[in-house]
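Trainee: When the letters of the sequence shown are read in order and numbered with our numbering, they come out as residues 77 to 508. Note that CB positions come from ideal geometry on N, CA and C, so glycine has one too. Predicted, not measured: the structure shown is a model, and the values here were computed from it.
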Amino acid sequence: MATQIAVCLLIHDDTSFLKYALADFPAGVDRFAFISRVPWHEMVGDWEGTVREAVKAGAKVVVGDRPSELEHRLASYSALQDRGYTHALIPDGDEIIEPALLANLINIAEHDLADRVYVEWDTYWKSPEYVIRPRERFSPCILIKLGVAIPVGGRNFEGGRQLFLSQDYGIIHHLSYAGSDERIKRKIETWGHANEVIPGWWDRVWKRWDDDKLQRNIHPTHPEAYGFAERIHVPEILKPVFETCFPDEASRQPDELAVPRGASPISIIIPVYGGSEDLERCLASIVPLKALVREVIVVDNASPDDCVAVAKSFDGVTVIENSENRGFAAACNQGAAIANSDQLLFLNSDTIVPGIGLQRLMESLTASGSIAAAGPLTNRAGHGQQINVTYTSLDTMDLFAEDFANRSEAMFPDVERDMLVGFCLLVRRSVF
């Protein structure tokens, strides 16, 4: 029998991302929307509107009454078999399959390599800008051979040969927790796990998250399943969704860097003894911050590697070369002695400086005339300055910093300390 593949979506009333889930399937792969007039729960939705949206998205619509997910699956797969289809791609209406993965799945079906195929996915939170980390451990079944792979509940199947494809073959983008409050509220009240939602989750986690994006363990029924949400650069495949469904977020621009009122451009003093790669990353992060930085002074304590050459490769960096290792404090004093700003930033060479973070640090120092020094929060430090960050890559660190800088002041107010860690210390020259 020739291979015939169909897309099979089971749906009642959630059409938020339906047209994107149904888009871009190749010719020869028919798209079906099996729409149940009755929900898998007691809250009836606008199934007629779903029919209209599915037709508009190019799907062949089959309407029936399926009061449970298992009944819906069994009836839909049987209907496809009766129409002569041998395989079904089974995304939900909020899942978008990468083209590379789709090509691999079709190849598997055409060569009869497996009867049920499981894949990896990224799950999104609030919008396509935030993804769950670590990646959700659940691996959804996305391709089945009809009549061989038998549904037994949810996305679970039995029978035939199973195959797991790692992210190397492409992933699914799962917009499960992306969307409006209205969508998520209805989701947690009507899905099959509605009776498992942790009491208070809506107010304590979902609503509070906008003010406290450092929250951990945020899944509504099994908290540890969603470790945290990381802000990322929106994947190319999700940009149409982002720009159309989240226009306010898509058009948002980062704040321009500017010297705070009462402050002046700072002098950055970096004592260094070895670690040229760290130094290069540090200096590269400072280069775009010209609006905030008057000068950068690197004091080299006779490094055994090429730190001096690295420092000199950056325009505008002043380098002091010591013939011996004079120690951290002496190097800081040397830099301060030639600095020209009223505000001195003593910075370790193994740091990376996000611009918005530096601007906020300057604001803290100048918030009152009695503040002598200010230090930032960071991913690794002692004495109360460490936080559990929600970025997993330096590529997304600036996005994290932007969110954290705009956090609720009530959540993370400036506090007085008996001491500050010296990895990044902004000091008024007048009290130095």
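Do L219 and H295 have their C-beta atoms closer together than 9 Å?
Mentor: On the sequence shown, residue 219 is found 143 positions in, with the first residue counted as 1. On the sequence shown, residue 295 is found 219 positions in, with the first residue counted as 1. No, Cβ-Cβ distance for L219 and H295 is not below 9 Å.
Trainee: How many Å lie between E265 and V281 at the Cα?
Mentor: Taking the first residue of the sequence shown as 1, we reach residue 265 at position 189. Taking the first residue of the sequence shown as 1, we reach residue 281 at position 205. Taking the straight line from one Cα to the other gives about 16 Å.
Trainee: With burial defined as no fewer than 16 other Cβ atoms inside 10 Å of the residue's Cβ, what is the status of H88: buried or exposed?
Mentor: If you number the sequence shown from 1, residue 88 lands on position 12. By the 10 Å Cβ count, H88 comes out buried.
Trainee: Does DSSP put Q329 in a helix, in a strand, or in coil?
Mentor: What you label residue 329 is simply residue 253 of the sequence shown in a count that begins at 1. Three-state result, Q329: coil.
Trainee: Report yes if the C-beta distance between A270 and H148 is below 9 Å; otherwise report no.
Mentor: As a position in the sequence shown, residue 270 is number 194, starting the count at 1. As a position in the sequence shown, residue 148 is number 72, starting the count at 1. No; because the gap between Cβ atoms is not below 9 Å, this pair is not in contact.
Trainee: Considering D431, what are the terminal residues of the beta strand (DSSP E) in which it resides?
Mentor: Mapped onto the sequence shown, residue 431 falls at position 355. Position check: residue 431 holds Gly in this sequence, whereas Asp was assumed. Note, G431: premise wrong, no beta strand (DSSP E); alpha helix (DSSP H) at G431 to L441.
Trainee: Please give me, in chain order, every unbroken run of the beta strand (DSSP E) with length at least 3 that falls completely inside the stretch 338-411.
Mentor: Here the runs fully enclosed are 342-348, 369-377 and 393-398.
Trainee: Go through its chain and collect everything with a Cβ distance to W277's Cβ below 6 Å, but skip five positions before and after it.
Mentor: What you label residue 277 is simply residue 201 of the sequence shown in a count that begins at 1. Cβ within range, chain order: P296.
Trainee: Just to confirm the assignment, what range does the beta strand (DSSP E) spanning Y245 have?
Mentor: Along the sequence shown, one-based indexing puts residue 245 at 169. Segment: none, Y245 is in no beta strand (DSSP E) and carries neither H nor E.
Trainee: What are the boundary residues of the alpha helix (DSSP H) that includes E145?
Mentor: On the sequence shown, residue 145 is found 69 positions in, with the first residue counted as 1. Counting along the chain, the alpha helix (DSSP H) containing E145 begins and ends at E145 to D158.
Trainee: Tell me the rounded alpha-carbon separation between V207 and F322.
Mentor: Start at 1 with the first residue of the sequence shown, and residue 207 comes out as number 131. Start at 1 with the first residue of the sequence shown, and residue 322 comes out as number 246. One C-alpha to the other measures close to 15 Å.
Trainee: Using beta-carbon positions only, say whether I373 and I414 come within less than 9 Å of one another.
Mentor: Mapped onto the sequence shown, residue 373 falls at position 297. Mapped onto the sequence shown, residue 414 falls at position 338. A contact, by the Cβ cut-off of 9 Å.
Trainee: Would E300 be called buried (16 or more neighbouring beta carbons within 10 Å of its own) or exposed?
Mentor: Here residue 300 corresponds to residue number 224 of the sequence shown, with the count starting at 1. Counting Cβ neighbours within 10 Å, E300 comes out exposed, since fewer than 16 surround it.
Trainee: Return the bridge partner residues of C500 from the DSSP annotation.
Mentor: Numbered from its first residue, the sequence shown carries residue 500 at position 424. Beta-bridge pairing links C500 to L423.
Trainee: Alpha carbon to alpha carbon, what distance is there between L453 and Y245?
Mentor: Walking along the sequence shown from the start, residue 245 turns up at place 169. Walking along the sequence shown from the start, residue 453 turns up at place 377. Going from the Cα of Y245 to the Cα of L453 covers about 38 Å.
Trainee: Leaving out five residues on either side along the sequence, give the residues of the same chain with a beta carbon under 7 Å from the beta carbon of S425.
Mentor: Start at 1 with the first residue of the sequence shown, and residue 425 comes out as number 349. Excluding sequence neighbours, S425 sits near I346, V348, G351, D354, L355 and C358.
Trainee: Report the CB separation of G460 from R436 in whole angstroms; it is logged as a contact under 8 Å.
Mentor: Taking the sequence shown and counting its residues from 1, the one referred to as residue 460 is at position 384. Taking the sequence shown and counting its residues from 1, the one referred to as residue 436 is at position 360. Actually they are not in contact, since the Cβ atoms of G460 and R436 sit about 17 Å apart, beyond 8 Å.
Trainee: Kindly list the residues whose CB is nearer than 6 Å to the CB of I81, restricted to its own chain and excluding five residues on each side of it in sequence; keep chain order.
Mentor: For the purposes of this step, residue 81 is taken as the residue at position 5 of the sequence shown. Within the same chain, I81 has close Cβ partners V105, H163 and A185.
Trainee: Pull up the DSSP beta-bridge partners for K202, would you.
Mentor: By one-based count along the sequence shown, residue 202 stands at place 126. Within the DSSP bridge table, the entry for K202 names A254 as partners.
Trainee: Pull up the distance between the alpha-carbon of A254 and that of K315, whole angstroms please.
Mentor: Against the sequence shown, residue 254 aligns to sequence position 178. Against the sequence shown, residue 315 aligns to sequence position 239. Taking the straight line joining both Cα atoms gives about 14 Å.
Trainee: Could you tell me how far apart the beta carbons of R310 and F93 are, in whole angstroms, since I believe they sit closer than 8 Å?
Mentor: Counted from its first residue, the sequence shown places residue 310 at position 234. Counted from its first residue, the sequence shown places residue 93 at position 17. According to the sequence as given, residue 310 is Val; it is not Arg. With a Cβ gap of about 14 Å, V310 and F93 do not count as contacting.
Trainee: Using C-beta distances below 7 Å, list every residue in its chain close to L146, excluding the 5 sequence neighbours before and after it, in chain order.
Mentor: Mapped onto the sequence shown, residue 146 falls at position 70. P227 and G229, listed in sequence order.
Trainee: Do the stretch 132-140 and the stretch 109-116 touch if we need at least three Cβ pairs shorter than 8 Å?
Mentor: yes
Trainee: R209: buried (16+ other C-beta within 10 angstroms of its C-beta) or exposed?
Mentor: As a position in the sequence shown, residue 209 is number 133, starting the count at 1. Buried.
Trainee: Determine the closest residue to G514 out of M487, V465 and V497, with distance taken between C-alpha atoms.
Mentor: Past the boundaries of the shown model lies residue 514; the chain is included only from 77 to 508, so the question cannot be answered.
Trainee: Tell me whether S506 sits in a helix, a strand or coil according to DSSP, three-state version.
Mentor: In the sequence shown, the residue the question calls residue 506 occupies position 430. It is helical.
Trainee: Step through the CB atoms of chain B and report whether any lies within less than 9 Å of the CB of V193.
Mentor: Absence of chain B from the displayed structure is noted, only one protein chain being present.
Trainee: Rounded to whole angstroms, how far is the Cβ of I166 from the Cβ of I313, which I believe are closer than 8 Å?
Mentor: Walking along the sequence shown from the start, residue 166 turns up at place 90. Walking along the sequence shown from the start, residue 313 turns up at place 237. Not a contact, Cβ separation roughly 19 Å.
Trainee: Could you give the residue range of the beta strand (DSSP E) that holds V131?
Mentor: Here the question's residue 131 lines up with position 55 in the sequence shown. Not the beta strand (DSSP E): V131 falls in the alpha helix (DSSP H), residues W123 to K132.
Trainee: Among the residues of its own chain, which have a CB less than 7 Å from the CB of R211, if the five just before and after it don't count?
Mentor: Residue 211 sits at position 135 when you count from the first residue of the sequence shown. Counting only Cβ-Cβ distances below 7 Å, and skipping sequence neighbours, we find E196 and D198.
Trainee: Per DSSP, which one or two residues make a beta bridge with A82?
Mentor: Position 6 of the sequence shown, counted from the first residue, corresponds to residue 82. A82 is bridged to D106 and A164.
Trainee: Count Cβ pairs between the stretch 333-342 and the stretch 442-449 that sit closer than 8 Å; are there 3 or more?
Mentor: yes
Trainee: So, using beta-carbon positions, are I120 and V114 closer together than 9 Å?
Mentor: Counting from 1 along the sequence shown, the entry for residue 120 is found at position 44. Counting from 1 along the sequence shown, the entry for residue 114 is found at position 38. The sequence given here places Val at residue 120; Ile does not occur at that position. Cβ atoms of V120 and V114: closer than 9 Å.
Trainee: From the DSSP output, in three-state form, read off N455 for me.
Mentor: The count along the sequence shown starts at 1 and reaches residue 455 at position 379. If DSSP states are grouped into helix, strand and coil, N455 belongs with coil.
Trainee: Cβ atoms of M438 and L502: under 9 Å apart, would you say?
Mentor: Residue 502 sits at position 426 when you count from the first residue of the sequence shown. Residue 438 sits at position 362 when you count from the first residue of the sequence shown. In contact: L502 and M438 (Cβ atoms closer than 9 Å).
Trainee: Please go through the stretch 185-237 and give each complete beta strand (DSSP E) segment of 3 or more residues, from N-terminal end onward.
Mentor: 192-194, 197-209, 217-221, 226-229 and 232-234
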